[in-house]
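Peer 1: All letters in the sequence shown, in the order written, are residues 582 to 849 by our numbering.
Think of the CB as a built atom: it goes at the ideal place given N, C-alpha and C, for glycine as much as any other residue.
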Amino acid sequence: MQKDVIEEHSATLDKHADNPDFLSSFARGLIIFEVLSQSKRAQTISDIAKETGFPRATVRRGLYTLTELGYVIQDDRYYELSPKILMLGHNYINAQTLSSTAQPILENLTRELNETATMGTLVKNEVIYIARSSHSRQKIMSNTLTIGSHLPAYCSSMGRVLLAAESLERQKEILDQSHLKAHTDKTIIDVEMLLSEFARVKAQGYSIIDQELEIGLCSIAVPVLDRAGNVIAAISISSLTLKNSTDDLIKNVLPVLQQAAGILTNFV
Numbered sequence: 582m583q584k585d586v587i588e589e590h591s592a593t594l595d596k597h598a599d600n601p602d603f604l605s606s607f608a609r610g611l612i613i614f615e616v617l618s619q620s621k622r623a624q625t626i627s628d629i630a631k632e633t634g635f636p637r638a639t640v641r642r643g644l645y646t647l648t649e650l651g652y653v654i655q656d657d658r659y660y661e662l663s664p665k666i667l668m669l670g671h672n673y674i675n676a677q678t679l680s681s682t683a684q685p686i687l688e689n690l691t692r693e694l695n696e697t698a699t700m701g702t703l704v705k706n707e708v709i710y711i712a713r714s715s716h717s718r719q720k721i722m723s724n725t726l727t728i729g730s731h732l733p734a735y736c737s738s739m740g741r742v743l744l745a746a747e748s749l750e751r752q753k754e755i756l757d758q759s760h761l762k763a764h765t766d767k768t769i770i771d772v773e774m775l776l777s778e779f780a781r782v783k784a785q786g787y788s789i790i791d792q793e794l795e796i797g798l799c800s801i802a803v804p805v806l807d808r809a810g811n812v813i814a815a816i817s818i819s820s821l822t823l824k825n826s827t828d829d830l831i832k833n834v835l836p837v838l839q840q841a842a843g844i845l846t847n848f849v
C-alpha cells in the first residue's frame with residue numbers, strides 16, 4: 582500500500598482515538614484488508630505490521646478474524662485474500678444502476694473509436710473506475726487498469742472533470758490531501774495552476790490530459806450529469822499520442838463522448 586495512504590489512515594485513527602462511535606479495531610481490520618488487496622504476493626504478520634505500523638498482536642488478531650470469515654487464506658506464515666472477496670466487488674457492481682447502464686455504452690464507444698472507454702467517480706482525492714470497456718484492442722497504460730482501480734484525481738482527465746464540479750473550497754481541500762507529485766515532466770503540481778485548470782475545464786465542459794500521468798498517453802473526459810444537472814460521474818477515452826494528438830481528441834472523440842454522456846443522463 583502506498584505510504585501516503587497509510588499515513589492518511591493513521592491520521593484518521595489518531596483523530597478518532599477517543600471517539601466512542603468509531604470502531605478502531607474494525608478500522609484496523611479494514612486497513613489490513615487493504616494491505617492484502619494491494620500486495621502482489623502473500624504477506625506475513627511481520628510484513629503487514631511493518632507496513633501499517635500496527636503491533637504484531639493487532640495484525641495477528643485482524644488476520645485471524647478475516648481468515649475465520651473466509652476473506653483470507655493462511656498458508657503457514659503467509660496470508661493472502663481468498664476468492665470470496667470477488668463476491669463483494671461483484672455484488673457492488675451489480676447493485677450500481679449507473680455502472681450497469683454505462684457498460685454497453687462504453688463498449689459501443691470502444692467499437693466506434695477503437696480506444697479504451699472508462700467511467701469513474703470521485704472518492705476523496707482519487708478517481709475510482711466503476712465501469713470499463715472490455716473490448717480494448719491495445720494496452721494503454723504500463724499498469725493495466727480495471728474496475729476498482731484508482732488514479733489521482735488532480736492529474737487524470739476524469740478526475741479534473743469531477744473536481745471542476747466541486748466548490749473552490751472543496752477543490753483546495755482535496756488538493757491539500759493529494760500529495761501532489763510529478764509523474765512526468767508535464768504533470769501540473771502547482772496548486773494555483775490546477776485551480777485555474779479546473780475553472781477552465783468547468784467552462785469548456787471537458788478535460789484533456791496530455792502525458793501528465795504517463796509519457797505517450799493522452800486522454801479526454803466529459804462529465805455525466807443526472808437529470809437535475811448534477812455531475813455524478815465522468816467518462817473518458819484514453820489513447821496513445823502517436824495515434825491521436827490532443828487536437829484529434831477534440832475533433833474526433835469529444836463529440837462522440839459527449840453524445841454518450843447525454844445518453845447516460847437520460848437513464849439516471
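(1) Enumerate, from N- to C-terminal direction, the unbroken beta strand (DSSP E) stretches of 3 or more residues contained entirely within the stretch 695-767.
(2) What separation, rounded to the nearest whole angstrom, lies between the Cα atoms of Ser-817 and Arg-637?
(3) Which term fits Arg-713, buried or exposed, when burial requires 16 or more other beta carbons within 10 angstroms of its beta carbon?
(4) By how many angstroms is the C-alpha of Leu-594 removed from the C-alpha of Asn-600?
(5) Three or more beta-carbon pairs under 8 Å between the stretch 726-745 and the stretch 705-712, yes or no?
(6) Which of the three DSSP states is assigned to Pro-601 in this structure?
(7) Does the count of Cβ pairs from the stretch 633-653 and the stretch 605-613 closer than 8 Å reach three?
(8) Find out if the Cβ-Cβ distance for the pair Glu-793, Lys-767 is shorter than 8 Å.
(9) Below 8 Å on the Cβ atoms is my contact criterion, and I expect Thr-827 with Ile-789 to pass it. Report the Cβ-Cβ distance as a whole number of Å.
(10) Could you check what DSSP says for Ile-686 in three-state terms: helix, strand or coil?
(11) Give the DSSP bridge partners of Glu-661, in chain order.
(12) If you count every other CB in all the chains shown that lies within 10 Å of the CB of Gln-684, and 16 or more means buried, which is it?
(13) By alpha-carbon positions, which one of Tyr-787, Lys-824, Gly-740, Gly-810 ends up nearest to Gly-797?
(14) Considering only the alpha carbon of each residue, which of Val-805, Leu-821, Glu-773 lies closest to Ala-814?
(15) For Asp-757 and Ala-608, I'd like the C-alpha separation in whole angstroms.
(16) Can you tell me where the alpha helix (DSSP H) with Ser-591 in it begins and where it stops?
(17) By how many angstroms is the C-alpha of Asp-657 removed from the C-alpha of Tyr-787?
(18) Quick one: is Phe-635 buried, meaning 16 or more other Cβ sit within 10 Å of its Cβ, or exposed?
(19) For Leu-690 and Ala-841, which I take to be in contact (beta-carbon distance under 8 Å), what is that distance rounded to the nearest angstrom?
(20) Tell whether a beta-carbon distance below 8 Å holds between Glu-778 and Arg-741.
(21) Does DSSP classify Gln-792 as helix, strand or coil?
(22) Determine the DSSP secondary structure at Ala-814, reduced to helix, strand or coil.
(23) Distance check for Asp-771 and Val-803, CA to CA, integer angstroms please.
(24) Would you mind reading off the limits of the alpha helix (DSSP H) that contains Pro-636?
(25) Buried or exposed: Gly-701, going by 16 or more other Cβ atoms within 10 Å of its Cβ?
Peer 2: Taking the definition as stated:
(1) Those beta strand (DSSP E) runs which fall completely within the stretch 695-767 and span 3+ residues are 697-704, 707-713, 731-733.
(2) To locate residue 817, count along the sequence shown from 1; it is residue 236. To locate residue 637, count along the sequence shown from 1; it is residue 56. Cα to Cα, the separation comes out at about 43 Å.
(3) Counted from its first residue, the sequence shown places residue 713 at position 132. Counting Cβ neighbours within 10 Å, Arg-713 comes out buried, since at least 16 surround it.
(4) The residue you call residue 600 lines up with position 19 of the sequence shown. The residue you call residue 594 lines up with position 13 of the sequence shown. Their Cα atoms are separated by approximately 10 Å.
(5) When Cβ pairs closer than 8 Å are counted between the two stretches, the stretch 726-745 is seen to touch the stretch 705-712, the count reaching three or more.
(6) For this step, residue 601 is matched to residue 20 along the sequence shown. Secondary structure at Pro-601: coil, using DSSP grouped into helix, strand and coil.
(7) The stretch 633-653 vs the stretch 605-613: in contact.
(8) For this step, residue 793 is matched to residue 212 along the sequence shown. For this step, residue 767 is matched to residue 186 along the sequence shown. Yes. Within cutoff.
(9) As a position in the sequence shown, residue 827 is number 246, starting the count at 1. As a position in the sequence shown, residue 789 is number 208, starting the count at 1. Their Cβ separation, rounded to whole angstroms, is 5 Å, which keeps Thr-827 and Ile-789 in contact under 8 Å.
(10) Along the sequence shown, one-based indexing puts residue 686 at 105. DSSP places Ile-686 in helix when its eight states are reduced to three.
(11) Along the sequence shown, one-based indexing puts residue 661 at 80. Note: Glu-661 sits in a beta bridge opposite Ile-654.
(12) For this step, residue 684 is matched to residue 103 along the sequence shown. In summary, Gln-684 is buried, with 16 or more beta-carbon neighbours lying within 10 Å of its beta-carbon over all protein chains present.
(13) Translated into the one-based positions of the sequence shown, residue 797 becomes position 216. Distances from the alpha-carbon of Gly-797 to those of Tyr-787, Lys-824, Gly-740, Gly-810 put Lys-824 closest.
(14) Translated into positions along the sequence shown, residue 814 becomes position 233. That would be Val-805, whose Cα lies nearest to the Cα of Ala-814.
(15) As a working mapping, residue 757 is identified with position 176 in the sequence shown. As a working mapping, residue 608 is identified with position 27 in the sequence shown. Rounded to whole angstroms, the gap between the alpha carbons of Asp-757 and Ala-608 is 23 Å.
(16) As a position in the sequence shown, residue 591 is number 10, starting the count at 1. Here the alpha helix (DSSP H) through Ser-591 covers 584-596.
(17) Here residue 787 corresponds to residue number 206 of the sequence shown, with the count starting at 1. Here residue 657 corresponds to residue number 76 of the sequence shown, with the count starting at 1. Computed Cα separation, rounded: 52 Å.
(18) Translated into the one-based positions of the sequence shown, residue 635 becomes position 54. Flag for Phe-635 reads buried.
(19) Translated into the one-based positions of the sequence shown, residue 690 becomes position 109. Translated into the one-based positions of the sequence shown, residue 841 becomes position 260. Between Ala-841 and Leu-690 the Cβ distance is about 6 Å, and since that is below 8 Å, they are a contact.
(20) Numbered from 1 along the sequence shown, position 197 holds the residue referred to as residue 778. Numbered from 1 along the sequence shown, position 160 holds the residue referred to as residue 741. In contact: Glu-778 and Arg-741 (Cβ atoms closer than 8 Å).
(21) In the sequence shown, the residue the question calls residue 792 occupies position 211. Coil at Gln-792, not helix or strand.
(22) The residue you call residue 814 lines up with position 233 of the sequence shown. DSSP places Ala-814 within a strand segment (E or B) once states are collapsed to three.
(23) As a first step, residue 803 is located in the sequence shown; it is residue number 222 there, counting from the start. As a first step, residue 771 is located in the sequence shown; it is residue number 190 there, counting from the start. Here the alpha carbons of Asp-771 and Val-803 stand approximately 23 Å from one another.
(24) Taking the first residue of the sequence shown as 1, we reach residue 636 at position 55. In the DSSP assignment, Pro-636 falls outside any alpha helix (DSSP H), carrying neither H nor E.
(25) Against the sequence shown, residue 701 aligns to sequence position 120. It counts as buried.
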